[in-house]
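Enquirer: Below is the structure I would like to discuss, written out as structure tokens.
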Amino acid sequence: MSTEIKKIAVFTSGGDAPGMNAAIRAVVRASIYYDKEVFAVYRGYEGMIDNDIVPLDARSVGNIIQRGGTILKSARSKEFRTPEGRKQAYDNLRARGIDALVGIGGDGTFTGLHKFYEEFKMPVICIPGTIDNDLPGTDYTIGYDTATNTAVEAIDKIRDTALSHNRLFFIEVMGRDSGYIAINSGIAGGAIAAIIPEEKMTTDELIATLDKSDKRSSLVIVAEGGKSGSAIEIAKQVNEKFSYYDTKVTILGHLQRGGSPSYFDRVLASKMGIAAIEGLIQGKTDVMVGVRDKTMVYNDFVTTMNKDREIEPELLRIAKILSI
Ligand code: F6P
283 MSTEIKKIAV
293 FTSGGDAPGM
303 NAAIRAVVRA
313 SIYYDKEVFA
323 VYRGYEGMID
333 NDIVPLDARS
343 VGNIIQRGGT
353 ILKSARSKEF
363 RTPEGRKQAY
373 DNLRARGIDA
383 LVGIGGDGTF
393 TGLHKFYEEF
403 KMPVICIPGT
413 IDNDLPGTDY
423 TIGYDTATNT
433 AVEAIDKIRD
443 TALSHNRLFF
453 IEVMGRDSGY
463 IAINSGIAGG
473 AIAAIIPEEK
483 MTTDELIATL
493 DKSDKRSSLV
503 IVAEGGKSGS
513 AIEIAKQVNE
523 KFSYYDTKVT
533 ILGHLQRGGS
543 PSYFDRVLAS
553 KMGIAAIEGL
563 IQGKTDVMVG
573 VRDKTMVYND
583 FVTTMNKDRE
593 IEPELLRIAK
603 ILSI
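Last residue of the sequence shown: number 606 in our numbering, and the count goes up by one each step with no gaps.
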């Protein structure tokens, strides 16, 4: 393989996130700007194995910056976890002369790219696209801002009905192993507590917080990955101890993944897409683009993925002060 990259393929993988389309657009246009040919791989690693690969031009990505989801579709591929699957994917890419890969997704996407680089030495770069904001090495992932705004909008609506009926609502938000959506939507939505995977709040502690409060209705945000159980389970435990609480549960679920991306996610995705192509041209590989303190950075796989993305202690402090 020559050292100068000439043909780049882009794909999205894992859970979709608002802003992925803006990132695809930036990758495609930056590639063309720097005189590279660019290809789309549909359905992530699945499509790479099935040879679902098509060339793109600058106009292929028109009118998508404002759209949620991913025009390239997404999938979670079991076959790509096997050496045979990866070899097939590599052969399909090489048959078209593709010599570099840009993947947009979360930790599974980055792990797949790393494996691919280790085996075939094809330059690869990851753009963090996931609503969870759970990747170390970047202050923000694409889609997180929009998803949190969606959660806050829903929480505001639930608050109206909670107040009218003096009810205690448990609202479950997404975030497989991450409490970022929960803690920030909790602060922004005026919740009495947010139960997150990074912090073990027992149901007794929650009950003590509720008990101390003279509020007639309250909102508790529960991250789906929390150690105390799901919102349904926690609501049940609270009810067993305090049957006078009229409790209700709302699971926001996949509605947090859809919708038009916020301005923040569109700009973040545009910057990251360009940084990915410029990084490849500069010879970077096996890295994930990130933004730290407003500066674009490239995070090496091994050092980045060995760390957990921690929740900012300041957010926990703020949530605690405001929960009285
Ligand atoms: O990683 C993003 C995410 O939305 C998580 O918050 C959630 O746990 C998971 O994906 C859901 O995945 P799926 O859409 O495959 O059920």
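All C-beta atoms in this analysis are idealised placements derived from N, C-alpha and C, irrespective of residue type, glycine included.
(1) Within the structure, which residues are defined as neighbours of the ligand F6P by a Cβ-heavy atom distance below 6 Å, reported in chain order?
(2) By Cβ distance below 6 Å, which residues in the same chain neighbour F583 in space, the five residues on each side in sequence not counted?
(3) For the putative contact between K589 and P418, defined by C-beta atoms under 8 Å, what is the C-beta separation to the nearest angstrom?
(4) Could you tell me which whole alpha helix (DSSP H) segments of length 4 or greater appear in the segment 319-405?
(5) With a threshold of 8 Å on Cβ separation, who are the neighbours of A444 within its own chain once the five nearest residues in sequence on each side are excluded?
(6) Could you tell me the distance, in whole angstroms, from the CA atom of M578 to the CA atom of Y324?
(7) Just how far apart, CA to CA, sit P543 and I347?
(8) DSSP on P479, reduced to helix/strand/coil?
(9) Alpha carbon to alpha carbon, what distance is there between I559 and A312?
(10) CB R548 to CB A429, shorter than 8 Å?
(11) For L537, I'd like the list of residues in its chain whose CB is within less than 8 Å of its CB, leaving aside the five on either flank, ordered along the chain.
(12) State yes or no: is the C-beta of G296 within less than 8 Å of the C-beta of G425?
(13) May I ask which residues mark the beginning and end of the alpha helix (DSSP H) holding E560?
(14) Taking the runs of the alpha helix (DSSP H) that are 4 residues or longer, which of them lie wholly in the segment 486-539?
(15) Buried or exposed: K318, going by 16 or more other Cβ atoms within 10 Å of its Cβ?
(16) Looking at G535: is its Cβ nearer than 8 Å to the Cβ of G350?
(17) Reducing DSSP to helix, strand and coil, say where E454 ends up.
(18) Check whether the segment 373-383 and the segment 401-419 touch, using three or more Cβ-Cβ pairs below 8 Å as the test.
(19) Taking DSSP as the reference, what is the three-state secondary structure of D459?
(20) State the CB to CB distance for the pair I477 and L488, rounded to an integer number of angstroms; the pair is presumed to be in contact (CB under 8 Å).
(21) Whole angstroms are fine: how far does the CA of I440 sit from the CA of I533?
(22) Quick one: what's got a C-beta closer than 7 Å to R591's C-beta in the same chain, skipping five residues either side?
(23) Please classify K289: does DSSP put it in a helix, a strand, or coil?
(24) What are the start and end residues of the alpha helix (DSSP H) that includes Y315?
(25) Alpha carbons only, please: which of I353, A473 and I331 is nearest the one belonging to K360?
(26) List the endpoints of the continuous alpha helix (DSSP H) containing D438.
(27) G511 to Q519, Cα distance in whole Å?
(28) Between which residues of its own chain and K482 is the CB-CB distance below 8 Å, once the five residues before and five after are set aside?
(29) Using a Cβ-Cβ cutoff of less than 8 Å, which residues in the same chain neighbour K553 once the five nearest sequence positions on both sides are dropped?
(30) May I ask which residues mark the beginning and end of the alpha helix (DSSP H) holding R591?
(31) Please go through the same chain and pick out, in chain order, the residues whose beta-carbon is closer than 6 Å to the beta-carbon of A513, but skip the five residues on each side of it.
Expert: Well, looking at it:
(1) G297, G388, T412, I413, D414, M456, G457, R458, E506 and R539
(2) H396 and D568
(3) 4 Å
(4) 326-331, 365-377 and 389-402
(5) L450, F451, S499, S500, L501 and K530
(6) 27 Å
(7) 8 Å
(8) coil
(9) Roughly 6 Å between the two C-alpha positions.
(10) No, they are not a contact pair.
(11) T432 and A436
(12) no
(13) Y545 to I563
(14) 513-523
(15) Label assigned to K318: buried.
(16) no
(17) strand
(18) yes
(19) coil
(20) Correct: roughly 7 Å between the Cβ atoms.
(21) 11 Å
(22) Within the same chain, R591 has close Cβ partners D416, L417, P418 and S460.
(23) strand
(24) Its alpha helix (DSSP H) spans residues M302 to Y315.
(25) I331
(26) For D438, the enclosing alpha helix (DSSP H) stretches over residues Y426 to H447.
(27) 10 Å
(28) Answer for K482: K509 and S510, listed in chain order.
(29) A308, V573 and M578
(30) Element bounds for R591: n/a, residue is neither H nor E.
(31) F452, E454, V504 and V531
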